[in-house]
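Enquirer: For the sequence shown, my numbering begins at 138 and goes up steadily by one. We treat Cβ as the ideally placed atom computed from N, Cα and C, and that holds for glycine. Dumping the structure here so I can ask a few things about it.
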Amino acid sequence: MVFVQPFAIDFRYETEHVIAFCSGHPEYEAVEAFIARRSTRGPRIRAILTRHDMSQVDHINEGEVVRERRAIDPTRETYHAPIAFEQTTAGALRDSVLRFSSYKGETIVLELVAAFPADPAFGGLTDPQGHAPDVLPVMWRSASAVAARATRVTIDDVPYPIPVFVETADLVGMKAFYTRGFAVGIVRTRGVELDLVAAPAEMTVGQRWSYRQGGRRVDYEIAEREGDRVVIRRTPGKSETIHAHVSDDGLRIGRITLASGSETSSTLSVDFDPFLPAPARRASGVDPISTFCIGIDDHTSLVTGSVMPVETGFELVPVEPVWARSRAINLRLTQDGNTLRLRSSISGAGSAGGIASCIHGTRRPRNA
Numbered sequence: 138m139v140f141v142q143p144f145a146i147d148f149r150y151e152t153e154h155v156i157a158f159c160s161g162h163p164e165y166e167a168v169e170a171f172i173a174r175r176s177t178r179g180p181r182i183r184a185i186l187t188r189h190d191m192s193q194v195d196h197i198n199e200g201e202v203v204r205e206r207r208a209i210d211p212t213r214e215t216y217h218a219p220i221a222f223e224q225t226t227a228g229a230l231r232d233s234v235l236r237f238s239s240y241k242g243e244t245i246v247l248e249l250v251a252a253f254p255a256d257p258a259f260g261g262l263t264d265p266q267g268h269a270p271d272v273l274p275v276m277w278r279s280a281s282a283v284a285a286r287a288t289r290v291t292i293d294d295v296p297y298p299i300p301v302f303v304e305t306a307d308l309v310g311m312k313a314f315y316t317r318g319f320a321v322g323i324v325r326t327r328g329v330e331l332d333l334v335a336a337p338a339e340m341t342v343g344q345r346w347s348y349r350q351g352g353r354r355v356d357y358e359i360a361e362r363e364g365d366r367v368v369i370r371r372t373p374g375k376s377e378t379i380h381a382h383v384s385d386d387g388l389r390i391g392r393i394t395l396a397s398g399s400e401t402s403s404t405l406s407v408d409f410d411p412f413l414p415a416p417a418r419r420a421s422g423v424d425p426i427s428t429f430c431i432g433i434d435d436h437t438s439l440v441t442g443s444v445m446p447v448e449t450g451f452e453l454v455p456v457e458p459v460w461a462r463s464r465a466i467n468l469r470l471t472q473d474g475n476t477l478r479l480r481s482s483i484s485g486a487g488s489a490g491g492i493a494s495c496i497h498g499t500r501r502p503r504n505a
């Protein structure tokens, strides 16, 4: 029996996030950064420049992480860069300064002044609004704040205006935002070949499927079994867990969970009702064969939809929220001897790279 978890999913809980949109620059329209605080060393920081065509460039302050990200997704522009992130606090307000050198040697500075303290009332699910169209992002903000007029973006010491996001009698909020606590799940597209090295002789605890993927080894180990229910964990790392049922036609996946890759505990889950079937040899009609929902921690149904049959695979078709409908996940799996080939794509995807940024457009600040 051959088994593989077919989706490429990244998940991290980031401590903080800053983003600002700017106008007038010939290439860029947004500057942002995800910050992951750590207990024993400095923060891991990923700064992103978004171009007008919605493509993005990552800058990460750790060379090892850059090499890892390039191996996982060579189509994503990813560079190593020293990145400074400093904060000052005045009362309940927090000002943030992001500074780094871009992949082209430009000096990028974002000085973000929050208009009010980050508030859970302005957190929630993020609408990516077209950024990184070739992934399905599921991003939950714990608490957010809009930026005040004093917020600035400069590139090589040239200031670029930030548009007004909201204006009332009591508040002018710029199109720039600070978030405290940000769970970021990304379903990526990919094309990958897995060479089967070993498979379980029987479905018992400790047995595993072993694959070679490029120069890496990937194992799926049976961690628990009770009747026809099995729990499978991917190693190394054991951050990915699959709950499945044993059937005559293979393993039927009911749930996939991923633990956060950062120090902060958080879990992304993908649930199927009744289950994710084995890829069909041919499309068997237009009726859905299952439903799915993607959640983060207690927020269990952030993205919901149907699973549709397609030839040698299936398609996850989001229904809610509305913005996700253009990001259906088409996945095909074929086998040639001991080699499995996985190909996935996103409906309507363009050529932009594969990690979504954060757009705060679903809620307005207080008094708006």
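I need the straight-line Cα distance from Thr404 to Gly322, nearest angstrom please.
Expert: Cα to Cα, the separation comes out at about 10 Å.
Enquirer: Between the Cα of Val234 and the Cα atoms of Ile390, Val250, Val334 and Val383, which residue gives the shortest distance?
Expert: Val250
Enquirer: Quick check: what's the CA-CA separation for Val367 versus Cys430?
Expert: Cα to Cα, Val367 sits roughly 21 Å from Cys430.
Enquirer: Taking the runs of the beta strand (DSSP E) that are 3 residues or longer, which of them lie wholly in the region 276-328?
Expert: 289-292, 295-297, 301-304 and 309-325
Enquirer: In angstroms with no decimal places, state the Cα-to-Cα distance between Ala313 and Pro219.
Expert: 23 Å
Enquirer: For Ser406, is the classification buried or exposed, using 16 other Cβ atoms within 10 angstroms of its Cβ as the cut-off for buried?
Expert: buried
Enquirer: What would DSSP say about Arg175, mapped onto helix, strand or coil?
Expert: coil
Enquirer: Is the region 333-352 close to the region 286-300, with three or more CB pairs under 8 Å?
Expert: No: fewer than three Cβ pairs fall under 8 Å.
Enquirer: Mapping DSSP to helix, strand and coil, what is Ser494?
Expert: Here the model assigns Ser494 a pLDDT of 46, short of 50, so the residue's position is not dependable and the matter cannot be decided.
Enquirer: What separation, rounded to the nearest whole angstrom, lies between the Cα atoms of Gly310 and His436?
Expert: Going by C-alpha positions, Gly310 is about 28 Å away from His436.
Enquirer: Rank Asp210, Asp195 and Asn198 by C-alpha distance to the C-alpha of Gln350 and give the top, closest one.
Expert: Asp210
Enquirer: Is the Cβ-Cβ distance between Ala206 and Asp195 less than 8 Å?
Expert: The residue you asked about is not Ala; residue 206 is Arg in the sequence shown. Contact: yes.
Enquirer: Work out the CA separation of Leu273 and Arg464 for me, nearest whole Å.
Expert: 6 Å
Enquirer: In chain order, what residues of the same chain have a beta carbon less than 7 Å from the beta carbon of Ala461, not counting five sequence neighbours either side?
Expert: Leu273, Val440 and Pro455
Enquirer: Can you look up Pro257 in the DSSP assignment and give me helix, strand or coil?
Expert: helix
Enquirer: On a Cα-Cα basis, can you pick out the residue from Phe451, Ala221 and Asp408 that is closest to Ile433?
Expert: Asp408
Enquirer: His217 to Ala208, Cα distance in whole Å?
Expert: 14 Å
Enquirer: What residues in its chain sit with their C-beta under 7 Å from that of Leu412, if we drop five residues either side in the sequence?
Expert: Just to set this straight, residue 412 is Phe in the shown sequence, not Leu. Excluding residues within five positions, the ones whose Cβ falls inside 7 Å are His382, Arg389, Ile390, Gly391 and Ser427.
Enquirer: For Glu452, which beta-bridge partners are listed by DSSP?
Expert: Answer by DSSP bridge pairing, in chain order: Met445 and Asn467.
Enquirer: I'd like to confirm the pairing. Which residues does DSSP put opposite Ala338 in its beta bridges?
Expert: According to DSSP, Ala338 bridges with nothing at all.
Enquirer: On the CB-based measure, 16 or more other CB atoms within 10 Å of its CB, does Met138 come out buried or exposed?
Expert: exposed
Enquirer: Check whether the Cβ atoms of Arg469 and Gly442 lie closer than 8 Å to each other.
Expert: no
Enquirer: List in chain order: all unbroken beta strand (DSSP E) runs of 3+ residues lying wholly within the region 140-173.
Expert: 145-158 and 165-173
Enquirer: Could you tell me the alpha carbon to alpha carbon distance between Gly387 and Phe140, rounded to whole angstroms?
Expert: So the alpha carbons of these two residues sit roughly 8 Å apart.
Enquirer: Between which residues of its own chain and Arg175 is the CB-CB distance below 6 Å, once the five residues before and five after are set aside?
Expert: Glu400
Enquirer: Within this structure, are the beta carbons of Ser279 and Arg317 separated by less than 8 Å?
Expert: yes
Enquirer: Given a cut-off of 8 Å, decide if Arg213 and Ile197 are closer than it, judged by their beta-carbon atoms.
Expert: no
Enquirer: Helix, strand or coil: which one does DSSP assign to Gly200?
Expert: helix
Enquirer: Please report the Cβ distance between Ala252 and Val283, rounded to the nearest whole angstrom; I am assuming they are in contact, meaning their Cβ atoms lie under 8 Å.
Expert: The pair is a contact, with the Cβ atoms about 5 Å apart (cut-off 8 Å).
Enquirer: Can you tell me whether Asp190 is buried or exposed, with buried defined as 16 or more other CB within 10 angstroms of its CB?
Expert: exposed
Enquirer: Output needed for Ile299: all residues of its chain with C-beta closer than 8 Å, excluding positions within five of it in sequence on either side, in chain order.
Expert: Here Ile299 has Ala157, Phe158, Cys159, Ser160, Ala284, Thr288, Arg289, Val290, Met311, Lys312 and Ala313 as same chain residues with Cβ atoms under 8 Å from its own Cβ, once five neighbours each way along the sequence are excluded.
Enquirer: Please look up how many angstroms separate the CB atoms of Ile379 and Ile359, rounded, as I've assumed it's under 8 Å.
Expert: No, Ile379 and Ile359 are not in contact; Cβ-Cβ is about 10 Å, not under 8 Å.
Enquirer: In three-state terms, what does DSSP make of Glu243?
Expert: Three-state DSSP puts Glu243 in coil, outside helix and strand.
Enquirer: Under 8 Å between the Cβ atoms of Ser238 and Leu186?
Expert: no
Enquirer: Would you kindly check if the distance between the Cβ of Asp356 and the Cβ of Arg371 is under 8 Å?
Expert: Taking a C-beta distance under 8 Å as the contact criterion, Arg371 and Asp356 qualify as a contact pair.
Enquirer: Kindly provide the ranges of any beta strand (DSSP E) runs that are 3 or more residues long and lie completely inside the region 372-424, ordered along the chain.
Expert: Runs of the beta strand (DSSP E) inside the region 372-424: 377-384, 387-396 and 404-413.
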